[in-house]
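Some notes on the structure that comes next.
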Amino acid sequence: MIAAYIDELIMFCAGLWMTAVGLGYLPLPGNAANRPIWVTSLARHFKWMGPLLLVIALALAIAF
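Residue numbers for the sequence shown follow this note's numbering, so the first one is 1 and each next one is one higher.
So, in structure tokens, the structure goes:
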């Protein structure tokens, strides 16, 4: 039971981070000049993946 709450907390925090990076509030970690192109391409999807992860984490928290 406690492990499920810890998992949901981690999912919620990851969703917050992904949303903040996707919307431009936080920069991607690392040096932008040495970043592979696929990382930048993936980060553009954080705009919708972050909120989706937040909704999933909240739904799981309510289900327990």
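A virtual CB, placed ideally from N, CA and C, is assigned to each residue, including glycine.
Item: Distance, residue 64 Cα to residue 23 Cα; Value: 30 Å
Item: Proximal residues to residue 53 (C-beta, below 7 Å), its chain only, five neighbours per side dropped; Value: 11, 14, 15 and 18
Item: Environment of residue 57 [buried if 16+ CB atoms lie within 10 Å]; Value: buried
Item: Residue nearest to residue 45 in terms of C-alpha spacing, selected from 60, 5, 21 and 4; Value: 21
Item: Distance CB(residue 43)-CB(residue 28) smaller than 7 Å; Value: yes
Item: Residues of its chain near residue 41, where Cβ-Cβ distance is below 8 Å and the 5 sequence neighbours each way are ignored; Value: none
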